[in-house]
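A quick write-up on the structure given underneath.
Residue numbers (the working numbering): 2 to 127.
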């Protein structure tokens, strides 16, 4: 269960007069550290607009409870896999909160954030 979440860095760059509609949303886990029965997770959430018209970058941290924190981090470091339940929770939590933050900022800038379905079928991380 995620018990804490905060944003450490926010960047918005506009290379053109306005953002080109469409683009990509990427989430990257940059660091996992085991601390007793919890994991500290650093991440990057990035929206990149088409035609290099701009991007939005949010860097943040999460704290997740995990009774096997040390084992989870060891598996992550070796295989880049997380238990399904933790993976789903991190993804949903990160996307939902940052999408809401991004939407407010983009609305103020008169830009759109479009989520497109990937042609690939996604499978669980573990």
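Quick reminder that beta carbons are idealized off the backbone N, C-alpha and C, glycines included.
> Comparing the CB of residue 45 with every heavy atom of the ligand FMN, is any distance shorter than 6 Å?
Replying inline: Among the ligands in the structure shown, none appear at all, so the ligand FMN cannot be discussed.
> Who are the Cβ neighbours of residue 63 in its own chain at under 6 Å, not counting the five residues just before and after it?
Replying inline: Within the same chain, residue 63 has close Cβ partners 3, 6, 42.
>> Taking the beta carbon of residue 70 as the centre, do at least 16 other beta carbons fall within 10 Å, making it buried, or is it exposed?
In response: Around the Cβ of residue 70, a 10 Å sphere holds 16 or more other Cβ atoms; the residue is buried.
>> For residue 25, count the other beta carbons within 10 Å of its own beta carbon; 16 or more makes it buried, fewer makes it exposed. Which is it?
In response: Around the beta carbon of residue 25, fewer than 16 other beta carbons lie within 10 angstroms, which makes this residue exposed.
>> Can you tell me where the alpha helix (DSSP H) holding residue 17 begins and where it ends?
In response: Premise fails: residue 17 is in no alpha helix (DSSP H) and is neither H nor E.
> In chain order, what residues of the same chain lie with their CB nearer than 6 Å to the CB of residue 11, ignoring the 5 residues before and after it?
Replying inline: 59
>> Suppose contacts are defined by Cβ-Cβ distances below 7 Å. Is residue 61 in contact with residue 15 by that definition?
In response: Between residue 61 and residue 15, the CB-CB gap reaches or exceeds 7 Å.
>> What would DSSP say about residue 83, mapped onto helix, strand or coil?
In response: Residue state for residue 83 is assigned as coil, using DSSP reduced to three classes.
> Between residue 20 and residue 49, what straight-line distance do the alpha-carbon atoms span, to the nearest angstrom?
Replying inline: Going from the Cα of residue 20 to the Cα of residue 49 covers about 10 Å.
> Count the other CB atoms within 10 Å of the CB of residue 8; is the residue buried (16 or more) or exposed (fewer)?
Replying inline: exposed
>> Contact defined as beta carbons within less than 8 Å: I believe residue 28 pairs with residue 95. What is the distance between those atoms, to the nearest angstrom?
In response: 6 Å
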